[in-house]
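Using my numbering, read the sequence shown as starting at 16 and increasing by one per residue. Where is the CB? At the ideal position from N, CA and C, for every residue including glycine.
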Amino acid sequence: MNKINKTSKILTGALMFALTLCLAKAQPSEPQGTITGRAWLDMGGTGLADITGNERFPDGFDVEVYLPYFEWNPSPDGDIFVPANNAYGDNYAAQIMGYFHPPASGDYTFWLSADDNADLWLSTDSDPANKHVIAREAGWSNARNWDSVGGGSVVEDKTSASFGATEWPSGNTITLQAGEAYYIEAIVKEGGGGDNLAVAVEDPNGVIDPTLPIPGEYLSSIQPSGPLSIVTQPMGGYVNALDPMTLSVEVAGTPPYIYQWKKDGADIEGAISSSYNIDRVDNSHGGFYTVVVTGAEGSATSEPADITVNSDLEAPTLAAATGSESFAAARVTFSEPVDPATAGIKDNYSLSGGVNVTGATVGAAPNDHIVTLTTSSQKEGTMLTITVNNVTDLFGNAIAADSSMEFSTFIWQEGYVLHKFWQGTPNNIAGLIDDPRFPNSPDFVTLEPFWEYGPDGSNESGSNYGNQLVGWFVPPSDGEYIFFTNSDDPSDLFLSTDDDPANKLLIAREAGWSNARDWVGTGGGASNIDDKRSDFFADSEWPTFDISLEGGERYYLESLHTEGGGGDSVGATVIASNDADPASGDAPTLTGSLIGTYLDPNGASVNIIQQPADADVDEGTAGTLSIAAEGTSAYGNTVNLQWQQAAAGSDDFTDIPGATGDSYETGVLAVGDSGLQFRVQLSVPTVSATSDVATLSVVKDVTPPRIVSVTANSLNGLIVKFNEEIDAATGAVKGNFSLSDGVTISSASAAGQSVLLKTGSLTSDATYTLTVGGVKDLYGNAVPAGTTKSFVVSVVTYTDIILADEPIAFYRFEETGGMVAENFGTLGSDADGLWMSGTGPDDSIEWEVSNEEGPNPGEGFLGFGEDNLAASFNGDLDLLWIETQGQWLSNLDSFTLEYWVKPTNREGNGWSRVGIVGQNDAVEYGFINGTTIQIWTPGGGALNTTYEFPDDEWHHIATIADGSQIHNYFDGELINSAGSATSDYGSADFTVRIGGGGVYDGSGNHFEGGLDEVAIFDRAIPAERVKEHFTAGREGGSKAAPEVDPTISITSADDGSITIEFEGSLQSADTVNGAYSEVAGAASPFTVTADSPQKFYRSSQ
């Protein structure tokens, strides 16, 4: 039925009841021959927490089926002897649940096999609330591999008979009673690649075949048995034309169920599930809908749902218009789908500027609101006007006469390649090309600075997708060039004989897969190393193996790539024919001025919401500037920022390296820096803007340093911390310090904001007063003589500060003998480090500890003792490494690695893949070469950070992986970030190792130099704690909570007394610039009587 302009109840969007099926109150008394299966699609991760922690679990499932035996995605004909095909999909979760009916009383053994992580649960009765985990797949296995594993799993854990973490009340012995129904459930989380889930059982009498999934004759679903009935009827109503529509039914009774939807009494072909979906409603969809449902105990027909379609009376309008990178096409976007009979007529379109329309093609649904025009040649960066007439929508409504819109043709953008991405394509190039969305309707686009995706050589951008890299190669000079392609899975590389994409030719191919940036190697499949390079590719379409190009000309270049599951990447690089071949791991040379692409500037804009502002900055401190902006473009809305600086009075602004955030903190400023100018260059693709100029004025420092804290690091040592950096010469004069109670001071040494005092014996928990005078800041301001600070002796060491953040492993390396590096972290002795000598576990023996001098006060690290020791490694000479006895970095959604490092002989050793601390195949970490620290993970990508410090110097390094990115901190400061979002960084059978023994590989990777204070956290600790850890080593630290900013206020009373309210410590002096000391016992509020002598008061931290 079709009715027009109805104003009664209108159901826009989906006509759908959410189905939330509750478990039966009474379990089936007899087996039903089936069990319930559910799936949640488009759910990332491989860990079970990715399911149970998802808001869609348990009721928001996408698929519900009834399985003939205990296996997900069973054989289509229900043949239990045919294993599942191991290829249901990627990035989904599945759950199988119901009841197991034991054929006899006695002991039962269950087996689990899955890909990826899975758990098997069994209840002690029919109540799901009493379920216990009885088996686990911690990694993956091939289908029905009950007694073997593929990777990351422990074979003993896959069976209830030996699962070490079983929750069954009687341990690994499971005794069941015949005639009872026991709730059973298995759940699996699939990431990429193969996938499966199955459960087998061995009964006491050998009736059930334990090599096959549990047959349906011993299973029931979660639905109660009984005649079929309809619980929730499909719902009718009004639907707007072009909206989606879903009709649903909920039934009860013994499954499995067969559905057949009907419209006006006639079967709807293919409508055989519990819901019937129409993506886009038109007038023909009005009518009466019913569904016939057949179960194991009868059938039923639903009540009719009367659907009325509100027809479309609105005429289409122009929504957008753009050119194309070919300059021979344009795209017109309408406000709604248009009729190909009118929208596909080229004469209904005209363009200004002498450009002719030669053809018009309407996109296939759901892109039938987009029309692609072929045109005569357009000029780059030119404004054109398109005029449209006689185009109608699907309901006959015509566009207004002479509708027009202005747009710009594409413009050249040097230094970038256009990347297009399509989710859900077959894993072959032909399938990508045949996808109706290709090439004009990608799911998303990005601009990449190198000819590769994922960015920065990463190798996990998704599964079941296709992508395309589009750009132009600009040779630097005339000559012959060799191109290399590399991908996982297959890719084709095309080069045009000129700038026209129509003349592209296939020049190289990856037929299987290779690791990211592996230009001269292959990984597997059908890959051939010769096919990956243009000069050896036998099927090249280029006229000759030598590709001769003219310098400065633009040649169209294109990569096509598809991905199934597992690792994935695509890239290309180029060399001159007389250059050496690229090394595996090298970044693509196709970057910078060698590449470019044409981009759509229409609709791009940058809007500055908050400009940088002038500011006064105290001498000796840093200034902070900020900006806020928003932007939009056809290639994303991220605004790229680049801070620039110019001298006072100058117009010559230059980029500040690395200053690309929405705020910028200068270095420490001197008075001579007053007048420095700053501004920001802002851009989105195709559009840029420049902010206002902000000027910093530096105010001279006339304030003496102030004591912030006094902390004992031993009973013979104090660390005095000031509020600013102090002059090392005056800080090292022991005569500038004195202690109460006759305690002597034998030496003083200064670093940064702290002074280390070596003292006579101190008493724990006793209160002392430190008197200071003559210590200057960097600007000559001296602490007034007689300034005091009281403190209580409570020894705080570097170890205390680290342990306050609860690392799972922390190795101090203070042992002077034996073969064990004690773990001070929360894992305790389970993660004690075992000193080993050899290339890896297979050929190593336990070895005596190896020590050297660690960071200490003599080298400027006041937070360590003078006798601090570190682990010492001598590379391949002694083959030393440390075994931590566990896979501590497996299956983490975040982590932190932290240590002090002093490498040596990096040039002499020609360092490559030198391990620091990590777990091969899960978190690989160390020096990938002599100047680069690399962390690599299979789930969250990689991060390379240049290490510019000299050999034989101690430096603090911390790496935080927070689930969004990986961040590297050197000496407390953030250096760089990269990587991709993940809920599981990876897992591996290898253990965590320190200094070698296999960190990047299964063995080897030996470090040369010193390592100290290695800490491993199973979470991302805050960045400020990394800064505090470094400071604790450099200057000493405290476990105390951050101190509040001091405040002070006064109130006068009629009797002449004054009440002082303050936060911090109250101090007094006889003159305003005199020596301030703490007021003994003062607490806020503090009263000064009228007859008290004149005093000046202040509050201090």
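Check                                                                                                                                                                     : Outcome
May I have the straight-line CA-CA distance separating Pro1123 from Ala747, to the nearest angstrom?                                                                      : This structure leaves residue 1123 out entirely; the chain is present only between 16 and 1116.
Helix, strand or coil for Ile287, going by three-state DSSP, please let me know.                                                                                          : coil
Hey, how far is the Cα of Asp148 from the Cα of Gln110?                                                                                                                   : Contrary to the premise, residue 148 reads as Val rather than Asp in this sequence. When rounded, the distance between both Cα atoms is 14 Å.
Please determine, among Asp172, Gly638, Ile610 and Trp161, the residue with the shortest C-alpha to C-alpha distance to Pro98.                                            : Trp161
From Ile975, Asp967 and Pro558, pick the residue whose C-alpha is nearest to that of Gly1138; which is it?                                                                : It is not possible to answer for residue 1138, since the shown part of the chain is limited to 16 through 1116.
According to DSSP, is Leu262 part of a helix, a strand, or is it coil?                                                                                                    : strand
So for Leu447, helix, strand or coil by DSSP?                                                                                                                             : helix
On the three-state DSSP scale, how would you describe Pro117?                                                                                                             : coil
Can you tell which of Glu495, Gly579 and Tyr679 has the C-alpha that lies nearest to the C-alpha of Pro505?                                                               : Gly579
In the DSSP assignment, find the beta strand (DSSP E) that holds Phe498 and state where it starts and stops.                                                              : Gly494 to Asp503
What does the alpha-carbon distance come out to for the pair Ile1073 and Ser1064?                                                                                         : 10 Å
Can you list, in chain order, the residues of its chain with a C-beta nearer than 6 Å to that of Ser419? Leave out the 5 residues immediately preceding and following it. : Thr400 and Thr402
Where Ala727 and Thr814 are concerned, what is the direct C-alpha to C-alpha distance, given to the nearest angstrom?                                                     : 13 Å
Just the C-alpha distance for Ala320 and Ser314, rounded to the nearest angstrom, thanks.                                                                                 : 18 Å
Buried or exposed for Val383, please, with buried defined as at least 16 other CB atoms from any protein chain shown within 10 angstroms of its CB.                       : The displayed chain sequence assigns Asp, not Val, to residue 383. Burial call: buried.
Quick one: Cα of Pro822 to Cα of Thr841, how far?                                                                                                                         : 6 Å
Taking C-beta to C-beta, are Asp780 and Ser809 nearer than 8 Å?                                                                                                           : yes
Buried or exposed: which applies to Ile860, given that a residue is buried once 16 or more other Cβ atoms fall within 10 Å of its Cβ?                                     : exposed
Go ahead and label Thr559 buried or exposed: buried means 16 or more other beta carbons lie within 10 angstroms of its beta carbon, across all protein chains shown.      : exposed
Return helix, strand or coil for Asp633, following the three-state DSSP convention.                                                                                       : strand
Are at least three pairs of beta-carbons, each pair with one atom in the region 763-774 and one in the region 710-719, less than 8 Å apart?                               : no
Does the separation of the CB atoms of Leu572 and Phe488 fall below 8 Å?                                                                                                  : yes
Decide if the region 293-312 is in contact with the region 261-278; the criterion is three or more beta carbon pairs, one per stretch, under 8 Å apart.                   : yes
Just to confirm, is the Cβ distance from Leu508 to Ala591 under 8 Å?                                                                                                      : no
Apart from the five residues just before and just after Phe85, which ones in its own chain have a Cβ nearer than 7 Å to its Cβ?                                           : Ile50, Ile111, Ala213, Val214, Pro228, Ile229 and Leu234
Between which two residues does the beta strand (DSSP E) holding Gly646 run?                                                                                              : Ala643 to Thr647
What did DSSP end up calling Asp134 once you bin it into helix, strand or coil?                                                                                           : strand
Evaluate Val485 with the Cβ neighbour count: other Cβ atoms within 10 Å of its Cβ, from every protein chain shown; 16 or more gives buried, anything less gives exposed.  : buried
When burial is assigned at 16 or more other CB atoms within 10 Å of the CB, is Lys18 buried or exposed?                                                                   : Below a pLDDT of 50, predicted positions are generally treated as unreliable, and Lys18, at 28, falls in that range; the measurement from the model is reported next regardless. Burial call: exposed.
For Ala1035 and Thr952, which I take to be in contact (beta-carbon distance under 8 Å), what is that distance rounded to the nearest angstrom?                            : No, Ala1035 and Thr952 are not in contact; Cβ-Cβ is about 13 Å, not under 8 Å.
Quick test of the definition: if touching needs 3 or more C-beta pairs under 8 Å, does the region 513-528 touch the region 617-629?                                       : no
If contacts are defined as beta-carbon pairs under 8 Å, then Ile981 and Gly994 qualify, I think. What distance do you get, rounded to the angstrom?                       : 4 Å
Look at the alpha carbon of His1044 and the alpha carbon of Val1007, and state the distance between them as a whole number of angstroms.                                  : 23 Å
For Ala885, count the other beta carbons within 10 Å of its own beta carbon; 16 or more makes it buried, fewer makes it exposed. Which is it?                             : buried
Between the Cα of Pro225 and those of Lys277, Val246 and Thr124, spot the shortest distance and give me the residue it belongs to.                                        : Thr124
In this structure, does DSSP put Ser599 in helix, strand or coil?                                                                                                         : coil
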